[in-house]
Structure formats: C-alpha cells, structure tokens
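A.B. asks: Structure incoming, see below.
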Amino acid sequence: MQTIWKGSISFGLLNVPVRMSVATARENIRFRTLHKECHTPLTQKRVCPNCNQEVEYENTVRGYEYEDNKFVIISDEDLESIPVRSTKTIEIVDFIKLEEVDPIYYDKTYYLRPGDGGEKPYLILRDAMHKTGRVAMAKVTIRQKEHLALIRIIDNALAIETMFFPNEVRSMEELGIDKLETNIQIRSEENEMAIKLVENLTAEFNPQKYTDDYREELLKMIRNKIDGEEIKEVATSEPRPQVLDLMEKLRASVEATKKEEKVAKRKTI
C-alpha cells in the first residue's frame, strides 16, 4: 500500500514509528468530457487571464485570498515551519470507549503499519488497547489540515479514523425535530407495530450482503453499448395497492416481512 503520511504515534513517553495508508477506495465509474461533434476528449488547461497565456504546473504557487482578489503567497517551507506537533506526530490525548463516539464525527479511514524500528512499540500499543477495550483520541495533520482522529483496532492492525471537529458538525436545531412531538400524536399500537417491523428486519451485519446495484447496472449498460446491443427499457413492476392508513401500512409491512423470513428459512434448510 502507498504511504501517504509518515511519522509516529506519541503514547505517553513512548513513540511508535508508523506509516499511514488509505484504507478505502471509491469504485466510481468515471466519464470523460468529449466534443459533441467529433467525440474527441477535451483537455483542461491552466490559463492566466491577465497574461493571456497557458501556465505550466511548475510555474504555479499556492495563494490564500485574504481580501477580494488579494492574495498572500504560501510556500512549502512556510507550511513546514508551522509549529504544530501533529504534522509529524499522531499525539494521543485520551483513551475512551468506542461506543461513546457518534458516527457523525467520522470522516475517512486509514491503516497504520509499523515504521522502521517501530514493530515492538506498535504491538505493545495494539495489545494494550485490545486488553483494555479502549480506543485512542488523537490529533494529526494531513495535507495542510489538522484532524481530530480516533485510533482503533481492525482485525489485528491499528487503524486511524480522521474526524470532524465539533465546530465542523452542523447543528440540528434548524431541522425543528424537537417541535414535532408537540403537534403529532403517536398511538401505542403504532409504536408496537413499528417495533415488530424492526425486529422482523433485524439481521447480523454482513458487509458482503450489500452491493452497489447502480454501478453493476451502469457497467452492464456500458458493455451492451460497446457490443452494439439495443438498450432495453426495464419493465416496471405492478404498482402496490395504496394503503392510506399508517397503521395498516405498518401491519402490512410486518406481515410481508414475516413471509420473507419464512422463505429465507426454507432456503437455508
């Protein structure tokens, strides 16, 4: 795996040299923009409107716009001189229980593997976290952005989740959810039926069960076009009968999931 960050985990007086690699990758289908007339791929150019000329990448600099159309130039040396420990160190601040963290704070997952000479302290930290059932809260700077981060164990390796700071999570007050209960009455029968529906649809988490159906159908359509086949319209399913009463919808859903459960059991026998 490609290393995107190299430094160490600061664990009390212990330093654990680590290398960071991206743990996930989106399987997006990418399209190129073509000229409509001749289907030639279009090129993207960096053009300076002031000099009216194309600019090569090596002739560009990084600028921060502090006022309208006024910039201060920031060099690589400027960024490296910022006096923040998290640029080279993942500094553990606290150890906490994983269930205390709301998933809304999670951003991106990275794997951590030992750096040169870091094998033993890496294993010591991992085993201590495993035996105590704790995860570590830390801070790290990646690509000119400091992140709140959580270090946890995935299988037998350490991983780090970059997180949003609290001020980066938008408030839910503007949604007005708290005001709904003052205007809407829910019957106990509706609550009980909804609970039954949840219980009928409850299963063990198996990530292999969930697939990207849109991507598969898009690839199939692309392959058909390449082969010159006619694109057939998908047959629309019969519309479900409209059930106006919420309680009837819940009851019908519970009955439908009971039938699905029986069919699934027969298939496994």
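Here the numbering used here = 1-based position in the sequence shown + 2. Heads up, the beta-carbon is just placed ideally off N, CA and C, and yes, glycines get one too.
State the start and end residues of the unbroken alpha helix (DSSP H) segment that holds K90.
C.D. replies: No alpha helix (DSSP H) contains K90, which DSSP labels as neither H nor E.
A.B. asks: In three-state terms, what does DSSP make of I188?
C.D. replies: Here I188 sits in coil by DSSP.
A.B. asks: Please say whether I144 and I153 have beta carbons closer to each other than 7 Å?
C.D. replies: Contact flag unset, no.
A.B. asks: Do V20 and G119 have their C-beta atoms within less than 7 Å of each other?
C.D. replies: Not closer than 7 Å, so no.
A.B. asks: Span of the alpha helix (DSSP H) holding R228?
C.D. replies: Note on residue identity: the sequence assigns Ile, not Arg, to residue 228. From DSSP, the alpha helix (DSSP H) with I228 extends over D215 to I228.
A.B. asks: With 16 other CB atoms within 10 Å as the buried threshold, where does E93 fall?
C.D. replies: Per the 10 Å Cβ criterion, buried.
A.B. asks: Quick one: residues in its chain with C-beta nearer than 6 Å to the C-beta of R115, no 5 flanking neighbours on either side, listed in chain order?
C.D. replies: So the list reads R21, once near-sequence residues are dropped.
A.B. asks: Taking the alpha-carbon positions, what's the V95 to V256 distance?
C.D. replies: Each residue's alpha carbon lies about 47 Å from the other.
A.B. asks: So is F13 buried or exposed if we call it buried at 16+ other beta carbons inside 10 Å?
C.D. replies: Flag for F13 reads buried.
A.B. asks: A27 by DSSP, collapsed to three states: which one?
C.D. replies: It is coil, neither helix nor strand.
A.B. asks: Hey, would you say the C-beta of K110 is under 6 Å away from at least one heavy atom of the ligand HEM?
C.D. replies: In the structure shown, the ligand HEM is absent, as is every other ligand, since no ligand is present at all.
A.B. asks: Which class does Y107 belong to by DSSP, given the choice of helix, strand or coil?
C.D. replies: It is helical.
A.B. asks: Looking at the unbroken alpha helix (DSSP H) that takes in Y124, where does it start and where does it end?
C.D. replies: E121 to T134 is the span of the alpha helix (DSSP H), which, as asked, contains Y124.
A.B. asks: If you follow the beta strand (DSSP E) that E67 is part of, which residue opens it and which one closes it?
C.D. replies: Start and end: R64 to E69.
A.B. asks: What's the call for G9, buried or exposed, on a 16-neighbour Cβ count within 10 Å?
C.D. replies: Label assigned to G9: buried.
A.B. asks: What three-state label does DSSP hand A254 in the structure shown?
C.D. replies: DSSP places A254 in helix when its eight states are reduced to three.
A.B. asks: So, helix, strand or coil for A196, using DSSP?
C.D. replies: In this structure, A196 counts as helix in the three-state DSSP scheme.
A.B. asks: Any idea which residues DSSP pairs V49 with across the strands?
C.D. replies: V49 is bridged to E56.
A.B. asks: Three-state secondary structure (DSSP) at K38?
C.D. replies: Coil at K38, not helix or strand.
A.B. asks: Closer than 7 Å by C-beta to E67: which residues in its own chain qualify, once you throw out the five before and the five after it? Chain order, please.
C.D. replies: Same-chain partners within the cutoff: F73.
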